[in-house]
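Reviewing the structure listed below.
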Amino acid sequence: MIIGIDGRPANASRRAGIGNYCYELLKALVALPRDAAYRIYLDRPPQPGFPAKEGLVEVRVLPACRGWTLRHLARELRSDPPDVFFTAGIQLPLWVPCPRVATLLDLAYMTFPTYFGWQTRLLAPPRARLAACIADHFIAISQATKADAERLLGIAAERLTVAPLGCSPHFRPCDEAETSRVREAHGLPERYVLYVGRLQPRKNIERLVGAFTAV
438 MIIGIDGRPA
448 NASRRAGIGN
458 YCYELLKALV
468 ALPRDAAYRI
478 YLDRPPQPGF
488 PAKEGLVEVR
498 VLPACRGWTL
508 RHLARELRSD
518 PPDVFFTAGI
528 QLPLWVPCPR
538 VATLLDLAYM
548 TFPTYFGWQT
558 RLLAPPRARL
568 AACIADHFIA
578 ISQATKADAE
588 RLLGIAAERL
598 TVAPLGCSPH
608 FRPCDEAETS
618 RVREAHGLPE
628 RYVLYVGRLQ
638 PRKNIERLVG
648 AFTAV
């Protein structure tokens, strides 16, 4: 079986949520026994640190352009289709002969639209509805996302599989000596709250600070 994957999020210079998800997924797939062959599609050559080097998997670099998914990627999948195509987001090529699997991280732009800019509010819901029409299957990262997809997009339950996110092996329990060293280096008390993420209104960091103050 040949599994085609849109690897662009993992090939970004600065990765965020979907980029890290795609990066860690590719890194894990490369380490698995070769029950399947992986074909990674990119819009530029693999950058330093890209987890799926040529030789371990097949990497196909297609010319970068606006509408890359609908133009170059769709043309490539029509001319030489894999057995299944996967994307870590919801942007899918149209009119291709292979099954398509998309990923739903959340539908916050539909459930909490006021936390997003006008461009996201305008463009994201139609993209999600289009994906709901053309994807053969979805991976939802939580039961809440699955429920939102059923309710807001009308996706049948049998087209949704819940697969919670994992975490990088870098994140692991530390012994007390290492924990004390880090606290001392940063002037931290014994108990503290660490937030790791972007400073965006929808992250509700103000509520986190308020909750910490109350405790």
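For the sequence shown, the numbering used here begins at 438 and goes up steadily by one.
Where a beta carbon is used, it is the ideal one built from N, C-alpha and C, also for glycine.
In this text, all values refer to a predicted model and were calculated from it rather than measured experimentally.
Beta-carbon spacing of residue i, residue j below 8 Å
{"i": "I440", "j": "D520", "result": "yes"}
{"i": "Y458", "j": "A501", "result": "no"}
{"i": "A539", "j": "A572", "result": "yes"}
{"i": "Y478", "j": "L463", "result": "no"}
{"i": "A586", "j": "I592", "result": "yes"}
{"i": "L597", "j": "A569", "result": "no"}
{"i": "A468", "j": "M438", "result": "no"}
Member of the options whose CA lies at the smallest distance from the CA of residue i
{"i": "Y475", "options": "G454, I442, T540, F608", "result": "I442"}
{"i": "V496", "options": "R564, E513, G454, P536", "result": "E513"}
{"i": "E627", "options": "T616, Q637, L636", "result": "T616"}
{"i": "G504", "options": "V619, E595, L469, L529", "result": "L529"}
{"i": "Y552", "options": "I571, V646, R639, A648", "result": "R639"}
{"i": "P483", "options": "L531, Q556, R620, P446", "result": "P446"}
{"i": "G454", "options": "Y478, T506, Q637, W532", "result": "Q637"}
{"i": "F575", "options": "A594, T557, L589", "result": "A594"}
{"i": "D480", "options": "D472, S450, P470, R471", "result": "S450"}
{"i": "P470", "options": "V494, W532, P610, L531", "result": "V494"}
{"i": "P606", "options": "D472, A465, N448, G456", "result": "A465"}
{"i": "T548", "options": "R620, R588, A511", "result": "R588"}
{"i": "P485", "options": "R452, A468, I527, D472", "result": "R452"}
Unbroken beta strand (DSSP E) run spanning residue i, endpoints
{"i": "E495", "result": "495-498"}
{"i": "Y478", "result": "474-479"}
{"i": "R537", "result": "537-541"}
{"i": "I440", "result": "439-443"}
{"i": "H574", "result": "574-577"}
{"i": "T598", "result": "597-599"}
{"i": "F523", "result": "521-523"}
Buried or exposed (CB count within 10 angstroms, at least 16 for buried), residue i
{"i": "N641", "result": "exposed"}
{"i": "P534", "result": "exposed"}
{"i": "L560", "result": "exposed"}
{"i": "E461", "result": "buried"}
{"i": "H509", "result": "buried"}
{"i": "L631", "result": "exposed"}
{"i": "G634", "result": "exposed"}
{"i": "D612", "result": "exposed"}
{"i": "G396", "result": "Outside the shown range of the chain, which is 438 to 652, sits residue 396, and nothing can be said about it."}
{"i": "G444", "result": "buried"}
{"i": "F523", "result": "buried"}
{"i": "V652", "result": "exposed"}
{"i": "F487", "result": "buried"}
{"i": "R537", "result": "buried"}
Start and end residues, alpha helix (DSSP H) containing residue i
{"i": "G624", "result": "Unbroken run through G624: none, as it is neither H nor E."}
{"i": "T548", "result": "545-548"}
{"i": "I571", "result": "555-571"}
{"i": "I642", "result": "642-651"}
Subject >> the stretch 535-548 in contact with the stretch 577-597 per 3-pair CB rule at 8 Å >> reply: Touching, per the Cβ criterion.
Original post:
Can you find at least 3 beta carbon pairs, one from the stretch 596-603 and one from the stretch 552-565, that sit closer than 8 Å?
Top reply: Not touching, per the Cβ criterion.
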